[in-house]
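Chemist:
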Amino acid sequence: MFDELNSRPADSLLALIKAFQADDRPGKIDLGVGVYRDAMGRTPVMRAVKAAEQFLLETQDSKKYLGPEGDLQFVRLLQPIIFGKSPTFTQRLVGIQTPGGSGALRLGAELIQAANPSAKVLLGTPSWPNHAPIFSSARLPVKEYAFVDLASQQVIFESVIDALSSAREGDVVLLHGCCHNPTGIDFTMEQWLEITELLVAHRLVPFIDLAYQGLGDGLEQDAAPARMVLDAVDEALIAYSCDKNFGLYRERVGALYVMARNGDDLRKAESNMAALARVNWSMPPDHGAAIVRTILESAEMTAMWCAELEEMCQRVNGNRAALAAASPDLAFIARQRGLFSNLAMSKDTAVALRASHGIYMADSGRMNLAGMQPADAGAIVAALRAEGCL
Ligand code: LMR
1 MFDELNSRPA
11 DSLLALIKAF
21 QADDRPGKID
31 LGVGVYRDAM
41 GRTPVMRAVK
51 AAEQFLLETQ
61 DSKKYLGPEG
71 DLQFVRLLQP
81 IIFGKSPTFT
91 QRLVGIQTPG
101 GSGALRLGAE
111 LIQAANPSAK
121 VLLGTPSWPN
131 HAPIFSSARL
141 PVKEYAFVDL
151 ASQQVIFESV
161 IDALSSAREG
171 DVVLLHGCCH
181 NPTGIDFTME
191 QWLEITELLV
201 AHRLVPFIDL
211 AYQGLGDGLE
221 QDAAPARMVL
231 DAVDEALIAY
241 SCDKNFGLYR
251 ERVGALYVMA
261 RNGDDLRKAE
271 SNMAALARVN
281 WSMPPDHGAA
291 IVRTILESAE
301 MTAMWCAELE
311 EMCQRVNGNR
321 AALAAASPDL
331 AFIARQRGLF
341 SNLAMSKDTA
351 VALRASHGIY
361 MADSGRMNLA
371 GMQPADAGAI
381 VAALRAEGCL
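Take 1 as the starting number for the sequence shown in this note's numbering and just add one per residue.
1) With hydrogens ignored, establish whether the beta-carbon of TRP128 is closer than 7 angstroms to any heavy atom of ligand 1.
2) Since I believe ALA167 is in contact with LEU122 (beta carbons under 8 angstroms), could you give me their beta-carbon distance rounded to a whole number of angstroms?
3) CA-CA distance, PHE74 and MET301?
4) Taking all protein chains shown into account, decide if GLU69 is buried (16 or more other Cβ within 10 angstroms of its Cβ) or exposed.
5) Do you know how far the Cα of ALA275 is from the Cα of HIS131?
6) Nearest to ILE29 by CA position, among GLY247, LEU199, GLY358, ILE333, is which residue?
7) Alpha helix (DSSP H) containing ASP71: first to last residue?
8) Excluding sequence positions up to five away, which residues of its chain have a Cβ less than 7 angstroms from the Cβ of ARG261?
9) From the DSSP output, read off the bridge partner residues of PHE340.
10) Does the beta-carbon of MET1 have 16 or more other beta-carbons within 10 angstroms, so that it is buried, or is it exposed?
11) Extract the residue ranges of the beta strand (DSSP E) inside the region 230 to 262, only unbroken runs of 3 or more that lie entirely within it.
12) Return the residue from the list ALA232, ASP61, LEU390 that minimises the CA-CA distance to ILE195.
13) Which of the three DSSP states, helix, strand or coil, is assigned to GLN191?
14) On the three-state DSSP scale, how would you describe PHE83?
15) Residues bridged to PHE207 by DSSP?
16) State the start and end residues of the unbroken alpha helix (DSSP H) segment that holds ILE161.
17) Can you tell me whether LYS50 is helix, strand or coil according to DSSP?
18) Taking Cβ positions, are ARG92 and MET259 nearer each other than 8 angstroms?
19) To the nearest angstrom, how far is it from the Cα of GLU197 to the Cα of SER102?
20) Regarding GLY177 and ligand 1, is the C-beta to nearest heavy atom distance less than 7 angstroms?
21) Per DSSP, GLY95 is paired with what?
22) Should ASN319 go down as buried or exposed, given a rule of 16 or more other Cβ atoms within 10 Å for buried?
23) Could you give the uninterrupted runs of the alpha helix (DSSP H) lying entirely in the region 115 to 156, keeping only those of 4 residues or more?
24) Can you tell me where the alpha helix (DSSP H) holding ILE380 begins and where it ends?
25) If we ignore side chains and look at the alpha-carbon of each, how far apart do ALA48 and TYR240 end up?
26) Sorted by chain position, which residues of the same chain lie with C-beta nearer than 8 angstroms to ALA331's C-beta, five sequence neighbours on each side aside?
27) Cα separation between ILE112 and ALA119?
28) Using CA coordinates, which residue listed in TYR257, ASP376, ILE161, HIS287 is at the minimum distance from TYR65?
29) Buried or exposed: where does GLN154 fall if 16 or more other Cβ atoms within 10 Å of its Cβ makes it buried?
30) Can you give the Cα-Cα distance for TRP227 and LEU16, rounded to whole angstroms?
31) Can you check which of these residues, THR88, PRO80, ARG337, LEU256, is closest to THR183 by C-alpha distance?
32) Mind checking which residues open and close the alpha helix (DSSP H) that includes TRP305?
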């Protein structure tokens with residue numbers, strides 16, 4: 001039967017990991033897949049994660065099954081970090097542990113499909129390349145609209161307004177909570193307010209993807225837009241990832257939260273989430289979530305985590321400042337937030353940057369600014385100039 005299959009290309013973003021490793025030029029710079037690098041160029045295991053792993057090694061006495069919802073103490077302890085301390089949200093939300101933010105998106109997509117198969121998903125582009133395939137593979141139609149003009153590095157806000165105003169009641173709007181991937185361009189609070197008003201007026205359901213909390217302006221600031229939206233709407237989904245802010249990438253740690261109108265709806269959503277998890281992965285992997293839970297159960301480890309996350313955030317913003325200072329044409333990079341910025345360039349140019357300069361970025365022109373050192377700014381600007389990008 002497998003002769004019936006068509007071969008599919010490797011994911012071009014993930015393929016960069018191997019291509020970079022295979023390059024033996026000493027000056028190569030990895031701005032590809034979204035991982036953080038410290039001043040030594042390493043993607044370290046965070047100090048609090050090491051401490052939690054040590055604690056788990058000494059104290060964990062069983063690895064028996066937990067169930068499709070995973071570690072619910074992990075899910076609960078994340079809530080004040082994401083949603084703040086107000087009890088309003090806690091009563092209106094249910095959550096389940098998922099394999100990474102991608103698992104949360106996939107589970108959310110299937111939940112939407114089960115609840116309202118005629119819902120469309122509105123997706124501003126460019127977006128994370130995996131967003132549209134995740135929703136489409138859950139049999140939800142994706143309606144794309146232009147979100148950012150890369151040439152001017154500006155939000156096309158009229159296009160956002162048009163898309164939301166012409167959506168049908170019950171349609172789902174995918175929103176990046178902070179640190180937009182791939183552009184680094186987030187809505188202003190005024191724009192978030194307008195979006196919130198449209199969501200309420202047209203009875204649309206926000207699906208907030210929050211994968212970089214703490215890496216933009218700080219944990220609280222990065223959660224503020226999502227909290228404002230959730231305060232106003234009566235139904236929502238939130239896909240959360242601990243990959244980046246706990247540096248747990250390959251452990252696959254995430255959660256899906258659902259906000260519903262009342263207790264009955266919450267219980268229905270919860271039982272469907274558990275049933276969908278069961279047929280997808282049965283139970284999520286435990287280790288990463290146990291690490292996060294252990295950190296959040298300890299005031300000392302939590303303080304250690306917050307301090308290191310703050311250092312990471314400052315380093316990424318320092319890299320942004322260094323690149324912006326190296327060329328006035330890149331000044332916008334200092335105003336953007338999170339790991340990424342997306343230059344307007346062709347795939348050929350991205351390929352030439354790799355081949356001729358050893359600078360690895362996504363074919364789309366997305367750069368991971370957390371992958372560079374401030375001292376790399378000159379080389380990056382020179383390469384961009386040589387390839388006609390500046
Ligand atoms: C990225 O966008 O680089 C990361 O989220 C990794 C991935 O899975 O694509």
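Using N, Cα and C, we set each Cβ at its ideal position, and we do this for glycine too. Keep in mind it's a predicted model, so treat the numbers as computed, not measured.
Modeler: If we stick to the structure as given:
1) The closest heavy atom of ligand 1 lies less than 7 angstroms from the beta carbon of TRP128.
2) Taking the Cβ atoms as the reference, LEU122 lies roughly 6 angstroms from ALA167, within the contact range of under 8 angstroms.
3) Each residue's Cα considered, the two are about 15 angstroms apart.
4) The residue is buried, with at least 16 neighbouring Cβ atoms inside 10 Å.
5) CA-CA distance, HIS131 to ALA275, rounds to 23 angstroms.
6) Measuring from the Cα of ILE29, the nearest candidate turns out to be GLY358.
7) Per DSSP, ASP71 lies in no alpha helix (DSSP H) segment and is marked neither H nor E.
8) Only residues of its own chain outside the window of five on either side were considered, and among them ASP234, GLU235 have a CB closer than 7 angstroms to the CB of ARG261, listed in chain order.
9) Answer by DSSP bridge pairing, in chain order: ASN368.
10) The residue is exposed, with fewer than 16 neighbouring Cβ atoms inside 10 Å.
11) Correct list: 236 to 241, 254 to 259.
12) Checked all of ALA232, ASP61, LEU390; the closest Cα to ILE195 is ALA232.
13) It is helical.
14) In the structure shown, PHE83 sits in a helix (DSSP, three-state: H, G or I).
15) LEU174, LEU237.
16) Unbroken alpha helix (DSSP H) run through ILE161: 157 to 165.
17) In the structure shown, LYS50 sits in a helix (DSSP, three-state: H, G or I).
18) The criterion of a C-beta distance shorter than 8 angstroms is satisfied by ARG92 and MET259.
19) Distance between the alpha carbons of GLU197 and SER102: 28 angstroms.
20) At a cut-off of 7 angstroms, the beta-carbon of GLY177 does not count as near ligand 1: no heavy atom of the ligand is closer than that.
21) Answer by DSSP bridge pairing, in chain order: TYR257.
22) Looking at its Cβ environment, which holds 16 or more other Cβ atoms inside 10 Å, ASN319 is buried.
23) Unbroken alpha helix (DSSP H) stretches of 4 residues or longer found wholly inside the region 115 to 156: 131 to 137, given in chain order.
24) It spans 377 to 386 - the alpha helix (DSSP H) in which ILE380 sits, taken as one unbroken run.
25) Going from the Cα of ALA48 to the Cα of TYR240 covers about 20 angstroms.
26) ALA324.
27) Per the coordinates, the alpha-carbon of ILE112 lies some 7 angstroms from the alpha-carbon of ALA119.
28) Nearest of TYR257, ASP376, ILE161, HIS287 to TYR65, Cα basis: HIS287.
29) Looking at its Cβ environment, which holds fewer than 16 other Cβ atoms inside 10 Å, GLN154 is exposed.
30) What sits at residue 227 in the sequence shown is Arg, not Trp. Approximately 35 angstroms, taken between the alpha carbons.
31) The shortest C-alpha to C-alpha distance from THR183 to any of THR88, PRO80, ARG337, LEU256 is the one to ARG337.
32) From DSSP, the alpha helix (DSSP H) with TRP305 extends over 299 to 326.
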